[in-house]
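Report on one structure; see the data block that follows.
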Amino acid sequence: MGSLPLFFRLVRASIGGQARYPASALMLTVGQFLGTGIEVVAVWALFHRFGEVQGWRIGEVALFYGLVNCVFALADALGRGFDVLGTEFLRTGAFDRLLLRPRPLTLQLMGNDFRISRAGRLLQGLAVVVFATQQAGIEWTATTVAIALFALAGGVALFLGILVLQGTLSFWTVESLEIANVLTYGGVQAAQYPLALYARWFRRVLTFVVPLACVAYYPALAILGKADPLGAPGWVGIVSPVTGFVFLAAAFGVWRLGLRRYASTGS
Amino acid sequence: MPHILVDHLLKTYRISERDPGVMGALRGLVQRRHRTVEALSGVSFELQRGELLGFIGPNGAGKSTTIKILAGILRPDGGRVEIDGRDPFADRERHVGRIGVVFGQRTQLWWDLPVGDGFDLLRDIYRVDPQRYRRTRDELVALLHLERVLDQPVRQLSLGQRMRAEIAAALLHEPDILFLDEPTIGLDAPSKLAVRDFVRRANRERGTTVLLTTHDMHDIEALAQRVIVIGHGRVLADSPVEALRAQVMAERRLVVDFAQGAALPAQVPGATVRARDGQTLVLDFDPSVTTAPALIARIAAEHAVEDIRLEGMAIEAVIARFYAMHGAAEA
Amino acid sequence: MKLRTLARPYIAAFTSRFLQMLQYRTAALAGFATQCWWGGIKVMVFAAFYGGTAIAGASAPMSLADAITYTWLAQGLLVLMPWLSDPEVAQAVRTGAVAYDRLRPVDAYALWFARSAGWVAARVLPRVALMAAFAAVALPLVGLGEWAWQLPASAIAGLAFLASTVLALLLSASMVMLLNVAATAALNERGISAVATPVVIVLSGNLLPLALLPDAWQTVLLIQPLAGLMDIPARLYFGQLGGWHAVAALGLQCFWIAVLVAAGRFAMGRTMRSLQIQGG
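Protein chains in written order, with my numbering: chain B, 1 to 267; chain A, 268 to 598; chain V, 599 to 878.
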């Protein structure tokens, strides 16, 4: 069985295992839907009270919000293996078992625990995108759909890269890696709003250090057909998601270093 | 060409040390102290195809490190490893496809999946031809009595059932080499016998090369033709089991049950009294000094005896004596 | 029995758990960085909304400075949010030790309550201290005073706030007790927690100050029990509730504490009885 079919096979096995406890899976999914959806309440309430923010209306902000949540839901489902690498694999010795299989490690980790509950966040994100379409009058042409899909792919690559880095960290330290949540959950929170709202130093961080802006802000602008208040040209949004892939590639480079370290210390 | 070649393996671990307490933790942030542990200081041996080797040693002697290096998980700091002419670490995917590993404490099967589903998934992971797989699986299921276990999730199995499923799982892809790391640990007697019987059969009938690490000396006695004793990262002995016993212990043991009411002797010339329990006396003697028949005759002539049993030195004692001789007690 | 003797086991239970949990300092530190980021983003978003329309800023029920302080307060007091049951209870259920609680000459509910309260309190203190150090001290020092955690409206407001926070702690403990009972009754505790968490976050004011939610909802929002966890203490802090209003607010917190404690005792009694029947 080739690598890609095996990946789907592993995902299917993972889902099968969760489906044995349907009540639990359902409640967790609903919990995720609500849990990730409460931010929507905050956004909505603020717009309800203030009408608009720096020239951005609710429909436009909703697009940013919905896109980012869809992206993270997918990346989170794929990347859980890296997320829990330290606690579930390294500390228990289960990582050795992965090494003993004649298959690439990354594949095994990505198919490891494909959580059904992440669909909660995905559904919530899609609902918000639908809302955005209606509110902001977005036209889904072939072009805009293509931009959105490319942005989605780049965004998933970016967040997956962050999760890979988080996993790589656990090769070096067994301490609590909660701080990495700043990048994942914090990243989602930051990218939910248009970049233009933030202070300049923060915008720089979000563009060049962890290029969240490239996979969310600029593509969304292109979809909305809105001019960037910060002055970037319109074509940026069409190509910028590529930085997500670059980030992922770099993350895997660091990952390989981590593997080398594991192979020589054995723990 | 030997199947497995190990030449002067070296492996050193750096363990960072930290003083206890808050001050220690703070100091640890600034300045890292290290302790080097030489896990392997030049281990060498060869295994031919189809051999069954027992690997024993006190905890911390380097057994697990050796297994991990042979499996391709760990990289040695020096020395050479060749399995089937290949470097296990450099060629990981190809190498691990041809070996099976059973870790006594951990399962490779999926916790929530029924055993049968887990087997099928392994078939796909190891790319086994479906027809061949069915044959192998059915054979393994029959030999290991797994029929009723197949549709139960792993989490519901008893330890004995899990171990048998584990061994089957390791053999589904018909590996050339089987590494067993403490496979009978925690098992009840029937399960231990089943596992030993099965491993012996796999080795004899299929010609699978087997490397077995264990603390259970009965595993060694039942299975191993050859034994390697490891201590302090070095090979202390590499010989057939009997030769090891002869090397360490010349003594044999005589257990005498005296008749009810008979007085037990305080001493027996030519033997040492090891234990006394009711009407039973346990004697150790050196057969090269006093032959067994001579000793038995002497005792029977002078006392009323109900039963006499002759035993070899228990292998635990042999090994313990061996460790002590080489200063290789638990690290 | 004298009151002090009567209360001894419960005070001891609280104190021992409190001291035990205080040791987990690294956990507090790790969460701290995440919370600073979180608070920072929220604050920037508030500033964007408020700054956009001067008119809206003036007519909003709270000023930007208050909204910012509220954000830092909420981060500091985050651990008060009762969305997890006490891990000690879960473990006692797993190991079967829960049976021993029936054998002790103390009120089981009160004992667990004391321990859960100690658990929450010991986790809140280091975090609130860290957050105060960052947002109330460090930020003004580096010249970012407008983004900082401001002082309470007055000394009395500050005192009222402290009293209210203590009540919030008790309120939180009473809610944690309900989760504890759920865990003991082997209900799908993780699922309940997953659904309860967003509800708690919104209705306590942790997500957004309740005052910023639509005006039409305000009455209901203030009366519901979760408001006492964060929003009521905050309003007292800003001096928005003076005189009798303040007393009423504190009374409201007490009312909900009493209701939830009664509910918890009832539920616990039934659960323990059924545990006995199972021979557990």
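All C-beta atoms in this analysis are idealised placements derived from N, C-alpha and C, irrespective of residue type, glycine included.
At the C-beta level, V368 of chain A and A306 of chain A stay beyond 8 Å of one another.
A Cβ-Cβ separation of about 4 Å places G237 of chain B in contact with P219 of chain B under the 8 Å criterion. Going by C-alpha positions, L521 of chain A is about 21 Å away from A510 of chain A.
Inside the stretch 101-159 of chain B, DSSP marks whole alpha helix (DSSP H) runs of 4 or more residues at positions 105-110 and 118-136, from first to last along the chain. In the three-state DSSP reduction, V304 of chain A falls in the strand class (E or B). In the three-state reduction of the DSSP assignment, E52 of chain B falls in the coil class, being assigned neither a helical nor a strand state. Under the 10 Å beta carbon count, F644 of chain V is surrounded by 16 or more other beta carbons and is classified as buried. In the structure shown, the three-state DSSP call for P807 of chain V is coil.
Remark: fewer than three beta-carbon pairs, one from each stretch, lie closer than 8 Å, so the stretch 819-826 of chain V and the stretch 66-77 of chain B are not flagged as touching.
Interface criterion not met: the Cβ of M27 of chain B is under 8 Å from no Cβ in chain A. Within the DSSP bridge table, the entry for T476 of chain A names A:I444 as partners. In the DSSP assignment, S506 of chain A falls within the unbroken beta strand (DSSP E) covering R501 to P507. Where D96 of chain B is concerned, there is no enclosing beta strand (DSSP E), although the alpha helix (DSSP H) around it starts and stops at A94 to L99. Around the Cβ of M592 of chain A, a 10 Å sphere holds fewer than 16 other Cβ atoms; the residue is exposed. Taking the beta carbon of R788 of chain V as reference, the chain B residues within 9 Å of it are S24, M27, L28 and G31, listed in sequence order. Of the residues assessed, M660 of chain V falls on the buried side of the cut-off, its CB having 16 or more other CB atoms within 10 angstroms. Rounded to the nearest angstrom, the gap between the Cα atoms of Q419 of chain A and D405 of chain A is 17 Å. Taking H270 of chain A as reference, the option from A:D344, A:R467, A:T476 and A:V549 with the minimal CA-CA separation is A:T476. The beta-carbon of L152 of chain B is placed no less than 8 Å from the nearest beta-carbon of chain A. Within chain B, no residue has its beta carbon less than 7 Å from that of V726 of chain V; the closest one is some 18 Å off. Under the Cβ criterion of 8 Å, R49 of chain B is counted among the residues facing chain V. Residues of chain B whose Cβ lies closer than 8 Å to the Cβ of Q375 of chain A are, in chain order, R97 and L100. Using a Cβ-Cβ cut-off of 8 Å, S264 of chain B counts as an interface residue toward chain A, since at least one Cβ of chain A sits closer than that to its own.
DSSP lists A:P420 as the beta-bridge partner residues of P381 of chain A. Chain-order list of chain A residues neighbouring M1 of chain B: D391, I392 and R394, by C-beta distance under 8 Å.
Neighbourhood of F647 of chain V in chain B, by CB distance below 7 Å: L46, F50 and V53, in chain order.
Going by beta carbons, Q18 of chain B and I116 of chain B fall inside the 8 Å limit. Residue V:A719 holds the alpha-carbon nearest to the alpha-carbon of L617 of chain V among V:A706, V:Y608, V:P703 and V:A719. When C-alpha distances from F525 of chain A are compared across A:T403, A:V549 and A:T303, the shortest belongs to A:V549.
According to DSSP, K335 of chain A shares a beta bridge with no other residue.
Taking a cut-off of 8 Å for Cβ pairs, the stretch 200-214 of chain B and the stretch 118-129 of chain B do not touch, as fewer than three such pairs fall below it. No Cβ-Cβ contact shorter than 8 Å links L769 of chain V with Q673 of chain V. In chain order, D379 and P420 make up the part of chain A whose C-beta sits under 8 Å from the C-beta of R20 of chain B. The beta carbon of H440 of chain A is closer than 6 Å to those of Y393 and V395 in its chain, skipping five residues each way along the sequence.
At least one C-beta of chain A is nearer than 8 Å to the C-beta of A13 of chain B. Neighbours of I666 of chain V in chain B, taken as residues whose beta carbon is under 9 Å from its own, are absent, since the nearest beta carbon is some 14 Å off.
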